[in-house]
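The next block holds one structure in the form of structure tokens; read it before the comments.
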Amino acid sequence: MPLALLALAIGAFGIGTTEFVIMGLLPEVASDYGVSIPTAGYLVTGYALGVMFGAPLMTVLGTKVPRKRMLMLLMGLFVVGNLLSALAPVFSVMLIGRVIASLAHGAFFGIGSVVAAGLVAPDKKAGAIAMMFTGLTVANVVGVPLGTLIGQSVGWRVTFAVVAALGVVGLVGVAKLVPDVPRAEGVRLRHEVAAFKNAQVLLAMAMTVLGFGGVFAAITYIAPMMTQVAGFADGSVTWLLVLFGLGMVGGNLVGGRFADRALMPMLYVSLGALSVVLALFTLTAHDKIASAVTVVLIGALGFATVPPLQKRVLDHAHGAPTLASAVNIGAFNLGNALSAWLGGVVIAVGYGYTAPNWVGAVLAAAALVLAVLSAGLERRAGAPGPVVAGSVPTERRAAVHH
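Counted from 1, the sequence shown has number 381 at position 378 by this note's numbering; the numbering is strictly sequential.
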């Protein structure tokens, strides 16, 4: 794998850390600013919304900018946002900093996926995408717990300053290691938008929303589920999330490896197994050991879908994949927001803390149905390979051989 993927993974590590570390620091931030925990929760909501809207916005703005330069600009924006959060004198300024940082998220992963896939041979594209996303998964194992520990020990502002420093490292890495990738000749914004006329692109994004939404339906409420149902101490939740992160790392690498060999079978297995495991979580949540094992499996199966789904979007938006790739990253956050809301609804109406697991199981099963439908439509069209979205000039691959 090219060293450029390491630079992309470092950037992904910083982005993943800043996205999730705030969840463990909400009490400290709320206390410092004198706001309630629900008000501090806007720092999470604002970031998610920034990712959803920022992904297409920043990608559109960057259509005329070479991809390497755009990646550098996005990492610069990420650094500015986290520094603003670290230095914010009032809560509203910190919220603005969070939103600024979030604007880089979707576009970085979207453009980064295209660049990563272009650095390797066609039969290794999903593996290259998975290598970049490894930075995001490792962030949940190392970055988030360490950032939380730093924030609780020496202050949450130090955590965001460290994350900004990680952004600088990622920026330098992109500048030094990522090759200059020429923009596709003749590709315009209308070509990028034309990809959304392709039913396969839309189906892949819907699978992203539902499949990963199934994961977050359960994980969003893991703290009350594990403490109130499984009987873990409050302090154990951090380590349970580390287990979830370890599952994500393994699932991401396995998903990337097998998606290059058999993409749709990989989706069938991961989505089907995810639905079953989420349904079983309503039972295993009552036992400490069984629930811990289940948390690992949910992380592994959930993230095993990421490389194949991202590659499928790239394949079917061939020729103008950048916007579709970025919007698919936003789709993950849409799934997170939708499933967290649905999980909260079933708890609120009195079905208990394990009820979100059933919500997740249904969402994952729906994603599996869409995967089968997508493959059926592809076979009916007689096009087993990537489908070209409209009349788009073929992009010149900038392959780097090591």
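Each residue gets a CB set at the ideal place from its N, CA and C atoms; glycine is no exception.
Sub-7 Å separation of residue i and residue j beta-carbons
{"i": "Glu195", "j": "Leu64", "result": "no"}
{"i": "Pro301", "j": "Phe112", "result": "What sits at residue 301 in the sequence shown is Ile, not Pro. For Ile301 and Phe112, no; Cβs fall outside 7 Å."}
{"i": "Thr162", "j": "Gly173", "result": "no"}
{"i": "Leu345", "j": "Leu304", "result": "no"}
{"i": "Gln231", "j": "Tyr354", "result": "no"}
{"i": "Gly254", "j": "Phe306", "result": "yes"}
{"i": "Phe136", "j": "Ala107", "result": "no"}
{"i": "Met251", "j": "Asn143", "result": "yes"}
{"i": "Pro5", "j": "Leu152", "result": "no"}
{"i": "Ala119", "j": "Leu8", "result": "yes"}
{"i": "Thr20", "j": "Gly150", "result": "yes"}
{"i": "Val177", "j": "Met75", "result": "yes"}
{"i": "Met2", "j": "Ala384", "result": "The structure shown has nothing for residue 2, since the chain only spans 4 to 405."}
{"i": "Leu274", "j": "Ala370", "result": "yes"}
{"i": "Ala207", "j": "Lys291", "result": "no"}
{"i": "Ala167", "j": "Leu86", "result": "yes"}
Cβ separation of residue i and residue j, assumed to be a contact under 8 Å, to the nearest whole Å
{"i": "Ala51", "j": "Pro311", "result": "Between Pro311 and Ala51 the Cβ distance is about 23 Å, and since that is not below 8 Å, they are no contact."}
{"i": "Ser88", "j": "Met97", "result": "5 Å"}
{"i": "Ala201", "j": "His319", "result": "Note that residue 201 is Asn in the sequence shown, not Ala. About 5 Å separates the two Cβ atoms, so the contact holds."}
{"i": "Pro41", "j": "Ala198", "result": "Contact flag wrong, Cβ pair sits at about 39 Å."}
{"i": "Ala343", "j": "Thr241", "result": "Going by Cβ atoms, the distance from Ala343 to Thr241 rounds to 19 Å, so no, they are not a contact pair."}
{"i": "Ala269", "j": "Gly258", "result": "Note on residue identity: the sequence assigns Met, not Ala, to residue 269. Yes, Met269 and Gly258 are in contact; Cβ-Cβ is about 6 Å, under 8 Å."}
{"i": "Tyr36", "j": "Val93", "result": "7 Å"}
{"i": "Gly146", "j": "Val24", "result": "7 Å"}
{"i": "Leu243", "j": "Ile225", "result": "6 Å"}
With 16 other Cβ atoms within 10 Å as the buried cut-off, status of residue i
{"i": "Val156", "result": "Inspection of the sequence shows that residue 156 is occupied by Ser rather than by Val. Exposed, because fewer than 16 other Cβ atoms sit within 10 Å of the Cβ of Ser156."}
{"i": "Pro148", "result": "buried"}
{"i": "Lys179", "result": "exposed"}
{"i": "Ser411", "result": "Given that the chain is displayed from residue 4 to residue 405, the structure contains no residue 411 and the question cannot be resolved."}
{"i": "Asp126", "result": "exposed"}
{"i": "Thr285", "result": "buried"}
{"i": "Arg382", "result": "exposed"}
{"i": "Ala351", "result": "exposed"}
{"i": "Arg315", "result": "buried"}
{"i": "Ser377", "result": "buried"}
{"i": "Ala131", "result": "buried"}
{"i": "Val218", "result": "buried"}
{"i": "Lys71", "result": "buried"}
{"i": "Ala91", "result": "buried"}
{"i": "Gly27", "result": "buried"}
{"i": "Glu22", "result": "buried"}
{"i": "Ala402", "result": "Note that Ala402 has pLDDT 38, beneath the 50 cutoff, so the model's placement of it is unreliable and the number below is only indicative. By the neighbour-count rule (16 or more Cβ atoms within 10 Å), Ala402 is not buried but exposed."}
{"i": "Ala262", "result": "buried"}
{"i": "Ala124", "result": "exposed"}
{"i": "Val141", "result": "buried"}
{"i": "Ala368", "result": "buried"}
{"i": "Gly388", "result": "Its pLDDT being 49, under 50, Gly388 is placed unreliably in this model, and the value from its coordinates should be taken loosely. Exposed, since its Cβ has fewer than 16 Cβ neighbours within 10 Å."}
Close Cβ partners of residue i (< 6 Å) along its chain, the five nearest in sequence each way excluded
{"i": "Ala110", "result": "Ala58, Met61, Thr62, Leu77 and Ala329"}
{"i": "Gly338", "result": "Val212, Phe215 and Gly216"}
{"i": "Ala43", "result": "Leu29, Val32 and Ala33"}
{"i": "Gly115", "result": "Leu11 and Met135"}
{"i": "Gly84", "result": "Gly100, Ile103 and Ala104"}
{"i": "Ala15", "result": "Met135, Gly138 and Leu139"}
{"i": "Ala164", "result": "Ala89"}
{"i": "Phe235", "result": "Met229"}
{"i": "Ala364", "result": "Ser278, Leu281 and Ala282"}
Cutoff 7 Å: residue i Cβ touching any chain B Cβ
{"i": "His108", "result": "Of the protein chains in this structure there is only one, and it is not chain B."}
Close Cβ partners of residue i (< 8 Å) along its chain, the five nearest in sequence each way excluded
{"i": "Val349", "result": "Ala358, Pro359, Trp361 and Val362"}
{"i": "Leu249", "result": "Val144, Val299 and Gly302"}
{"i": "Leu46", "result": "Ile25, Leu29, Val32, Met97, Leu98 and Arg101"}
Option nearest residue i by Cα separation, candidates the options
{"i": "Val279", "options": "Val309, Leu366 and Val352", "result": "Leu366"}
{"i": "Ala220", "options": "Arg260, Val298, Leu206 and Arg264", "result": "Val298"}
{"i": "Gly17", "options": "Tyr45, Gly138, Ala91 and Gly100", "result": "Gly138"}
{"i": "Ser294", "options": "Leu246, Tyr36 and Arg264", "result": "Leu246"}
{"i": "Val181", "options": "Ile13, Gly53 and Gly379", "result": "Ile13"}
{"i": "Val54", "options": "Leu283, Ala340 and Leu244", "result": "Ala340"}
{"i": "Leu283", "options": "Val272, Val141 and Val296", "result": "Val296"}
{"i": "Tyr271", "options": "Ser95, Val309 and Thr287", "result": "Val309"}
{"i": "Gly379", "options": "Leu256, Ser95 and Gln203", "result": "Gln203"}
Beta-carbon proximity list for residue i, same chain, < 7 Å, skipping 5 on both sides
{"i": "Asp237", "result": "Thr230"}
{"i": "Pro227", "result": "Tyr356"}
{"i": "Gly79", "result": "Leu174"}
{"i": "Met73", "result": "Gly65 and Ile114"}
{"i": "Arg260", "result": "Gly130"}
Cβ-heavy atom distance, residue i to the ligand COA, below 6 Å
{"i": "Leu274", "result": "Absence of the ligand COA is noted for the structure shown, with no ligands found whatsoever."}
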